[in-house]
Amino acid sequence: MPKNLEKARRDSFFNLYFTSTISIAVSLFMVGLVAFLLLWGNSAAKYTKENIVISLVLSDSTTNDDIQRIESYLKNAEFVLKYKYINKEEALAEYVADIGDNPVELLGYNPIKASFEVNLKAEFINNVFLKSLEKKFSNYTFVENVAYQKVMIADFNANIQKISAVLLLFSILLLAITVILINNTIRISIYSKRFVINTMKLVGAKAWFIRRPFLLRFVKNGLIASFLACFGLFGVGYYIQRMDFSLPLYDYRFFVPIIVVVFAVGFLVSFLAALFCINRYIRMKSGDLYFI
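All residue numbers for the sequence shown refer to the working numbering, where the first residue is 5 and numbers rise by one.
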């Protein structure tokens with residue numbers, strides 16, 4: 005009978021910490037998932053912005069010196085991600101490939117203009133900067149037009165701001181819920197050991213001696229839960245990557261912030277929740293343990 009009782013206690017102890025670890029892992033997974041969505045949304049917005057093309061349409065009277073002049077400017081501009089010069093023949097070939105009709109056969113000459121196709125860095129894709137850039141390029145007499153999708157860019161930036169605000173509020177709310185869930189999970193676990201804590205206190209154990217095994221246990225649980233949560237997030241990233249998204253989900257620069265957030269929350273919340281809860285039972289009188 006004593007052996008069966010001891011085995012039942014060990015099983016109960018194992019199940020308690022196993023359940024608490026899984027509960028913490030699920031909570032941390034949700035925090036990491038929101039961080040994942042925030043970073044992924046930011047990467048998607050950056051990727052989309054950097055693929056928006058600004059076309060500098062050149063007049064037919066543009067000379068080689070003019071082309072070199074504007075190319076030199078684009079090469080040294082801090083806001084330019086990349087650029088490409090398309091001469092009249094290349095522009096005509098692209099037009100024919102897209103439309104299917106060759107205007108030379110109808111008109112007898114090539115009406116398609118040469119141009120520079122410019123991709124800007126993501127932080128410069130906004131209507132205020134683009135208007136100033138359009139005004140600047142209009143000073144070049146050989147630049148006939150600065151073409152870009154003004155309405156689309158304005159709508160895109162407005163939608164990104166709204167989505168980012170919603171995700172940020174949701175992440176703050178979820179983080180608060182996660183802290184509460186982890187705190188409650190740890191409180192329940194330590195509550196079941198309140199009489200053990202009281203017994204250790206009655207036989208003369210110091211407060212730090214009582215705290216140490218519990219803190220080590222729950223910090224260890226928090227780190228294990230963080231590892232499980234990160235493992236789940238890697239699985240989500242792998243699944244999304246297989247859907248042929250072009251975003252670098254397995255770039256270490258993408259996942260490092262998420263891992264740091266998950267492990268930081270897992271460690272800090274587990275440590276602080278266990279510390280506050282253990283201190284409460286250490287300070288509590290023996291008789292009060294029966295009424296909580």
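Just so it is clear, CB atoms sit at the ideal spot from N, CA and C, and this is done for glycine as well.
DSSP-derived helix/strand/coil call for residue i
| i | result |
| --- | --- |
| Y113 | coil |
| F207 | The question names Phe, but residue 207 is Val in the sequence shown. V207: coil per DSSP, three-state reduction. |
| F120 | strand |
| I56 | coil |
| Y144 | coil |
| Y152 | coil |
| N130 | coil |
| G104 | coil |
| M34 | helix |
| S136 | helix |
| K224 | helix |
| R348 | Outside the shown range of the chain, which is 5 to 296, sits residue 348, and nothing can be said about it. |
| K197 | coil |
| K166 | helix |
| K50 | helix |
| E79 | Correcting the residue identity first, residue 79 is Lys in this sequence and not Glu. Three-state result, K79: helix. |
Cβ neighbour criterion (16 or more within 10 Å) applied to residue i
| i | result |
| --- | --- |
| A49 | buried |
| G241 | buried |
| M5 | Bear in mind that the predicted position of M5 carries a pLDDT of just 44, short of 50, making it unreliable; the figure below should be weighed with that in mind. Exposed, because fewer than 16 other Cβ atoms sit within 10 Å of the Cβ of M5. |
| I74 | buried |
| T3 | Residue 3 lies beyond the residue range present for the chain, which begins at 5 and ends at 296; the question has no answer from this structure. |
| L173 | exposed |
| K197 | buried |
| S16 | Confidence at S16 is low in this model, with a pLDDT of 48, below 50, so its placement is unreliable and the value that follows should be read with caution. Exposed. |
| F280 | exposed |
| G226 | buried |
Nearest-angstrom Cβ-Cβ length linking residue i and residue j, presumed shorter than 8 Å
| i | j | result |
| --- | --- | --- |
| S119 | L62 | 6 Å |
| V35 | L179 | 6 Å |
| K92 | I58 | Wrong, their Cβ atoms sit about 19 Å apart, outside the cutoff. |
| E83 | K125 | With the sequence shown as reference, residue 83 is identified as Phe, and Glu is not the correct amino acid for it. Confirmed, Cβ separation roughly 6 Å. |
| L4 | V183 | Nothing about residue 4 can be reported from this structure: the residues present for the chain run from 5 to 296 only. |
| K123 | K86 | The question names Lys, but residue 123 in the sequence shown is Asn. With 8 Å as the limit, N123 and K86 qualify as a contact, their Cβ atoms being about 5 Å apart. |
| T189 | S24 | 5 Å |
| I282 | I214 | 7 Å |
| L60 | V147 | 5 Å |
| N187 | A277 | 4 Å |
| L206 | L41 | Actually they are not in contact, since the Cβ atoms of L206 and L41 sit about 50 Å apart, beyond 8 Å. |
| I286 | I194 | Wrong, their Cβ atoms sit about 11 Å apart, outside the cutoff. |
| I71 | E121 | With 8 Å as the limit, I71 and E121 do not qualify as a contact, their Cβ atoms being about 14 Å apart. |
Identified DSSP bridge partners for residue i
| i | result |
| --- | --- |
| N68 | Looking at the DSSP assignment, N68 forms no beta bridge with any residue, so it has no partner. |
| I90 | S119 |
| L62 | V147 |
| V84 | L124 |
Query raised in the report: Any chance the stretch 22-34 sits against the stretch 233-242, with 3 or more Cβ pairs inside 8 Å?
Result: When C-beta atoms of the stretch 22-34 are compared with those of the stretch 233-242, three or more pairs fall below 8 Å, so the two segments count as touching.
Query - Sufficient close CB pairs (3 or more, under 8 Å) joining the stretch 101-114 to the stretch 152-166 - result: Cβ pair count under 8 Å is below three, so no.
**Report entry** Cβ contact (3+ pairs, closer than 8 Å) linking the stretch 36-55 and the stretch 161-174
**Finding:** Contact between the stretch 36-55 and the stretch 161-174 is present, because at least three Cβ pairs lie under 8 Å.
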